[in-house]
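A quick write-up on the structure given underneath.
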Amino acid sequence: MAFRNDFAWGAATAAYQIEGAHEADGKGPSVWDMFCRRPGAVRNGDTGNVACDHYGRWQDDVALMREMGLNAYRLSISWPRVLPEGRGTVNERGLAFYERLIDALRDANIEPMVTLFHWDYPYALYRRGGWLNPDSPRWFADYARLVVERLSDRVRDWVTLNEPQVFIGDGHHGGKHAPGLRLPLDEVLLAGHNALLGHGLAAQAIRAAARSPVNVGIAMAVSVKIPASDSAADVSAARQALFAAQPGGCWCNGWWLDPVAHGRYPEESLRLHEATAPRVAPGDMETIAQPLDFVGYNIYTAEHIRAGADGQPVSVPRAPGHPHSLFNWPIDPENLYWGPKLLYETYPVPLHITENGMSNIDWVSVDGACHDPQRIDMTARSLAALSRAADDGVDVRGYYHWSLMDNFEWAEGYHQRFGLVHVDYATLKRTPKDSAKWYRQVIATNGANLPR
Ligand code: FCB
75 MAFRNDFAWG AATAAYQIEG AHEADGKGPS VWDMFCRRPG AVRNGDTGNV
125 ACDHYGRWQD DVALMREMGL NAYRLSISWP RVLPEGRGTV NERGLAFYER
175 LIDALRDANI EPMVTLFHWD YPYALYRRGG WLNPDSPRWF ADYARLVVER
225 LSDRVRDWVT LNEPQVFIGD GHHGGKHAPG LRLPLDEVLL AGHNALLGHG
275 LAAQAIRAAA RSPVNVGIAM AVSVKIPASD SAADVSAARQ ALFAAQPGGC
325 WCNGWWLDPV AHGRYPEESL RLHEATAPRV APGDMETIAQ PLDFVGYNIY
375 TAEHIRAGAD GQPVSVPRAP GHPHSLFNWP IDPENLYWGP KLLYETYPVP
425 LHITENGMSN IDWVSVDGAC HDPQRIDMTA RSLAALSRAA DDGVDVRGYY
475 HWSLMDNFEW AEGYHQRFGL VHVDYATLKR TPKDSAKWYR QVIATNGANL
525 PR
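In terms of my numbering, the sequence shown opens at residue 75 and continues consecutively.
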């Protein structure tokens with residue numbers, strides 16, 4: 075069992091979830107700043123105004139990463155911190171924050187992976203139609219170019235979008251994420267198409283503007299399908315389920331992955347969405363399907379699948395009492411074997427697990443430590459599963475645990491704690507959890523101490 079020698083052992087965060095400083099140094103508002111003001115939008119009325127105050131405490135946080143032995147860190151850049159109006163005037167103080175942070179990461183031998191868009195869309199551009207505006211792909215690409223011009227001398231790994239299916243599905247269809255819209259499906263899919271075009275144009279812009287060699291990727295949310303047994307029939311049923319068209323929404327994995335990797339929307343989904351599919355202009359799919367240096371998969375959940383009498387996928391319920399996180403997401407560590415394995419067959423592109431983790435009821439004990447054995451166990455099993463996928467020939471380049479520290483979990487506010495580091499939101503004190511110490515050992519042995 076072996077991870078590559080240059081395996082990226084990371085942790086991940088996103089700007090709005092940790093930075094706070096929502097009005098500092100010329101930052102403009104994002105759709106999340108505005109959404110949090112809506113009564114009832116976020117649990118407990120929580121906001122990201124202060125969050126972990128990473129904006130003020132980034133040096134401490136880099137020191138924590140160094141202590142943990144991370145060699146990689148996935149962060150995102152707040153678009154409205156850099157461009158308060160989304161386009162036009164550049165906020166130099168905002169850019170300078172990321173320059174300082176990235177320099178400190180490099181000094182600590184931590185390779186930054188920079189996500190350009192992790193959901194904090196500039197409110198000014200939202201007022202002009204957001205992802206529904208036909209110019210929105212270009213706005214995003216222009217912002218990407220600006221950031222890359224400034225940072226590509228010190229950043230190699232770039233992620234264009236984080237989870238388009240989630241900011242489109244939950245943000246523009248289900249209404250539970252910013253900007254809180256419940257649009258009809260045709261407009262949802264149009265916004266999604268524009269986001270994909272934004273990805274393609276941004277990928278081109280990154281490569282054109284890069285001052286040193288870059289890797290360009292995208293981070294996708296995937297709900298994995300785990301075959302109920304190793305039988306060929308169950309594996310084939312799981313494979314079918316993984317790519318099956320989803321009626322009524324935009325949660326089909328292939329709807330997002332096929333365009334970026336293969337330059338087409340999947341046939342079955344197109345048939346299903348016949349009345350609502352976006353109009354694809356000549357050249358759109360070529361723009362979207364830019365070469366990918368890697369695909370990032372954010373993997374948390376799974377469904378167990380067996381083959382029915384006719385070979386069709388059938389969902390297998392879990393046994394009563396199956397372990398679950400505070401989010402009530404079932405714990406299925408085998409998803410880090412079956413996800414990469416089945417995805418890589420269809421998209422044979424080097425991959426990173428750009429997010430994986432669990433929320434838990436963690437607090438600082440009377441002994442001053444934060445004990446989180448469930449997180450350690452879940453992550454150990456998940457990494458062991460991932461290493462088996464690597465043994466099977468899947469080109470796995472890295473793992474970024476979600477998250478470096480407890481943070482603002484979107485509509486769930488501060489209720490869900492995903493961190494390797496505990497954050498006391500009253501004092502902003504950081505306490506590395508037991509899992510952070512355990513992860514340090516995993517990194518130091520390149521995974522040799524994981525369970526077989
Ligand atoms: C993902 C998001 C990330 C975090 C985790 C728990 O969908 O990308 O920001 O909230 O879920």
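Glycine residues also receive a C-beta, built at the ideal position from the N, C-alpha and C atoms. Being a predicted model, the structure only gives us computed values, none of them experimental.
* To do: Check Ala393 in the structure and name its three-state DSSP category.
  => coil
* Three-state secondary structure (DSSP) of Arg238 -> Arg is not the amino acid found at residue 238; the sequence shown has Pro there. Of the three classes helix, strand and coil, the one that applies to Pro238 here is helix, per DSSP.
* To do: Tell me, please, which residues DSSP counts as bridged to Glu185.
  => Ala146
* **Under 9 Å between C-beta atoms of Tyr411 and Leu460** => yes
* Is Leu417 helix, strand or coil when you go by DSSP? -> helix
* To do: Go ahead and pull the three-state DSSP assignment for His192.
  => coil
* 8 Å CB neighbourhood of Arg112 in its chain, flanking five on each side removed -> Gly254
* Asked: Can you tell me whether Glu97 is buried or exposed, with buried defined as 16 or more other CB within 10 angstroms of its CB?
  -> exposed
* Can you list, in chain order, the residues of its chain whose CB lies under 7 Å from that of Gly100, leaving out five sequence neighbours each side? -> Pro158, Asn165, Arg167 and Gly168
* Report the rounded CA-to-CA distance for Arg605 versus Ser210, giving the unit in angstroms. => An answer regarding residue 605 cannot be provided, because it is not within the stretch 75 to 526 covered by the chain.
* Mind checking whether the beta-carbon of Tyr473 lies closer than 8 Å to any heavy atom of ligand 1? -> no
* To do: Look up Asn481 in the DSSP assignment and say whether it is helix, strand or coil.
  => coil
* Is the beta carbon of Phe556 within less than 8 Å of some heavy atom of ligand 1? -> Nothing can be reported for residue 556: it is not among the residues displayed for the chain, which extend from 75 to 526.
* **Neighbourhood of Trp213 by C-beta, 7 Å cutoff - its chain only, sequence neighbours within 5 removed** => Gly160, Arg161 and Leu199
* Near ligand 1: Gly413 beta-carbon under 8 Å from a heavy atom -> no
* Asked: Are the stretch 422-437 and the stretch 300-320 in contact at 8 Å, needing three or more beta carbon pairs?
  -> no
* Asked: Thinking just about the alpha-carbon of each residue, which of Asp441, Leu524 and Ile517 is nearest to the one in Gly84?
  -> Ile517
* First and last residue of the alpha helix (DSSP H) that includes Leu331? -> Asn327 to His336
* **Coarse secondary structure for Gly245, derived from DSSP in three states** => helix
* **Cα-Cα separation, Pro407 to Pro356** => 42 Å
* Nonlocal neighbours in the same chain, by C-beta distance under 8 Å from Val527, ignoring five residues either side -> Because the chain in this structure spans residues 75 to 526, residue 527 falls outside the shown range and cannot be described.
* May I have the straight-line CA-CA distance separating Ile528 from Leu400, to the nearest angstrom? => An answer regarding residue 528 cannot be provided, because it is not within the stretch 75 to 526 covered by the chain.
* **Cβ shell of Ala335 (< 6 Å), same chain only, five flanking positions each side left out** => Tyr421
* Put Thr375 into one of helix, strand or coil per three-state DSSP. => strand
* **When Gly266, Ala279 and Glu261 are compared against Val233, the one with the closest alpha-carbon** => Ala279
* To do: Quick one: using the 10 Å Cβ neighbour count with 16 as the cut-off for buried, is Val222 buried or exposed?
  => buried
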